[in-house]
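Chemist:
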Amino acid sequence: MSAEVETMFYTRTAPWHDLGTRVEDAPGSKEALEAAGLNWQVIQKEICTQDGRIIPGFRANIRDQDQRVLGVVTNRYKVVQNEEAFAFTDQLLGEGVTYETAGSLQDGRRTWILARLPQRYIISGDEITPYLVFMNSHDGTGAIKAAMTPVRVVCQNTLNLALATAKRSWSTNHTGDIRGKLKDAEQTLLYAGHYMKELGKAIDQLNQIRLSDQRVYEYIDELFPIMEEATEMQKKNIVRLRDDVKLRYFEAPDLRNTGKNAYRFINAVSDFATHAKPLKERTNYRESLFGRTVEGNILIDKAYQMVKAA
């Protein structure tokens with residue numbers, strides 16, 4: 004058992020899972036974008052039928068670097084260039100911020116820059132670092148978004164709980180007064196400070212909720228139910244997932260000094276959601292996990308709601 008635990012709990016990586024290019028030495032977003040190879044422009048061109056007729060109301064967003072079509076959008080869509088969008092993070096965050104990674108997903112359709120905020124939080128004895136991800140899209144399917152994600156330093160677990168008392172993100176679409184909308188994003192930093200304050204209260208409350216081992220087993224079974232129509236292989240896979248979370252709850256070295264309580268349970272679920280390899284690893288697994296890290300993870304939120312309702 005100890006060998007399994009060592010493998011599982013000492014090889015964790017940051018929740019961004021090595022996506023993008025590390026740019027922590029970049030003094031500003033412009034340098035970060037150049038280091039990450041995102042210093043290209045999006046141009047718009049009319050769309051024509053095969054016989055040369057222009058299709059009204061739509062345009063193609065094209066990357067000037069290689070003429071790749073990133074998406075088809077309406078005439079109302081306003082392009083926000085990478086440099087333009089991410090330069091806003093310099094103004095938004097100010098001094099003391101460290102850029103860590105930047106990159107693109109889906110062949111340039113979505114781009115992001117990740118910054119570590121300078122504030123240091125100690126909550127219930129844990130050091131928790133807030134990160135800000137600023138994301139942009141060029142395919143017409145996604146919004147411009149700024150999201151704050153807290154990470155527990157000792158184990159790199161994300162703690163972006165869906166709190167009813169605080170927001171941790173801001174977003175807007177690519178229409179209307181884009182410059183004015185970006186200005187509104189300054190509220191994201193206010194969200195970050197308020198969110199961390201409310202997260203501290205939530206963690207203190209979780210530490211007060213004692214859990215018996217049997218209750219932990221019941222919660223895990225509820226998180227990973229076995230349906231009546233499940234095949235034997237499906238049942239076996241669910242049992243493997245359950246055992247994985249149990250191992251993280253009972254054996255994780257960073258939780259040994261944490262009481263058997265709801266906070267320990269949330270960390271075990273977050274550890275699983277943030278770092279566990281899927282039963283079948285698809286090619287876009289890392290991108291999907293990155294998206295859930297930024298947007299919020301349904302499994303972590305479900306676990307949080309379960310223990311709060313107890």
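Going by the working numbering, the sequence shown opens with residue 4, and the numbers climb by one from there.
Glycine is no exception: its CB is placed at the ideal position from the N, C-alpha and C atoms.
Which residues bound the beta strand (DSSP E) around Ser172?
Modeler: 172-175
Chemist: Compare the Cα-Cα distances from Val310 to each of Phe275, Asn270, Thr114 and report the closest residue.
Modeler: Asn270
Chemist: Just the C-alpha distance for Ala265 and Ala105, rounded to the nearest angstrom, thanks.
Modeler: 34 Å
Chemist: Would Phe89 pass as a contact of Leu22 if the rule is Cβ separation under 8 Å?
Modeler: no
Chemist: Do you know offhand how far Lys305's Cα is from Val272's?
Modeler: 10 Å
Chemist: Ends of the alpha helix (DSSP H) at Ser273?
Modeler: 265-278
Chemist: Where does Ser215 sit, in a helix, a strand or coil, going by DSSP?
Modeler: Reduced to three states, the DSSP call for Ser215 is coil.
Chemist: Rounded to whole angstroms, what's the CA-CA distance from Gly143 to Val75? Just pull it up for me.
Modeler: 7 Å
Chemist: Mark Thr161 as exposed unless 16 or more other C-beta atoms lie within 10 angstroms of its C-beta, in which case mark it buried.
Modeler: buried
Chemist: Tell me which same chain residues have a C-beta within less than 8 Å of the C-beta of Leu164, skipping the five on either side of it?
Modeler: Closer than 8 Å at Cβ, skipping near neighbours: Leu202, Ala205, Ile269, Ile303, Asp304, Tyr307.
Chemist: Which two residues bound the contiguous beta strand (DSSP E) that contains Arg1?
Modeler: Residue 1 lies beyond the residue range present for the chain, which begins at 4 and ends at 313; the question has no answer from this structure.
Chemist: What would DSSP say about Asn85, mapped onto helix, strand or coil?
Modeler: Note: Asn85 maps to helix in three-state DSSP.
Chemist: Considering only the beta carbon of each residue, do Pro121 and Val100 sit closer than 8 Å?
Modeler: Judged by their CB atoms, Pro121 and Val100 are nearer to each other than the 8 Å cut-off.
Chemist: Could you name each continuous beta strand (DSSP E) segment of 3 residues or more that falls completely within the stretch 55-85, going from the start of the chain to the end?
Modeler: 57-66, 72-77
Chemist: Please confirm whether Val82 and Gln47 have their CB atoms less than 8 Å apart.
Modeler: yes
Chemist: Near Leu244, what residues of its chain come up, given a Cβ to Cβ distance below 6 Å and the 5 sequence neighbours on each side ignored?
Modeler: The residues are Phe227.
Chemist: When DSSP labels each residue in this structure, what does Gly106 get in the three-state scheme?
Modeler: strand
Chemist: Could you check which residue in Arg182, Gly60, Phe253, Lys148 has the C-alpha nearest to that of Trp173?
Modeler: Lys148
Chemist: What first and last residue would you give for the alpha helix (DSSP H) that runs through Glu235?
Modeler: 235-254
Chemist: For His197 and Leu250, what's the separation of their Cα atoms in angstroms?
Modeler: 33 Å
Chemist: Near His177, what residues of its chain come up, given a Cβ to Cβ distance below 8 Å and the 5 sequence neighbours on each side ignored?
Modeler: Val76, Tyr80, Lys81, Val82, Val83, Ser140, Gly143, Ala146, Ile147
Chemist: Determine the DSSP secondary structure at Lys283, reduced to helix, strand or coil.
Modeler: coil
Chemist: Per DSSP, Val26 is paired with what?
Modeler: Partner(s): none; Val26 has no beta bridge.
Chemist: Could you spell out the range, first to last residue, of the alpha helix (DSSP H) harbouring Val297?
Modeler: 288-298
Chemist: Can you tell me whether Thr296 is buried or exposed, with buried defined as 16 or more other CB within 10 angstroms of its CB?
Modeler: buried
Chemist: Given this structure, state the Cα-to-Cα distance separating Ile58 from Gln70, to the nearest angstrom.
Modeler: 19 Å
Chemist: Helix, strand or coil: how does DSSP classify Leu96 here?
Modeler: In this structure, Leu96 counts as helix in the three-state DSSP scheme.
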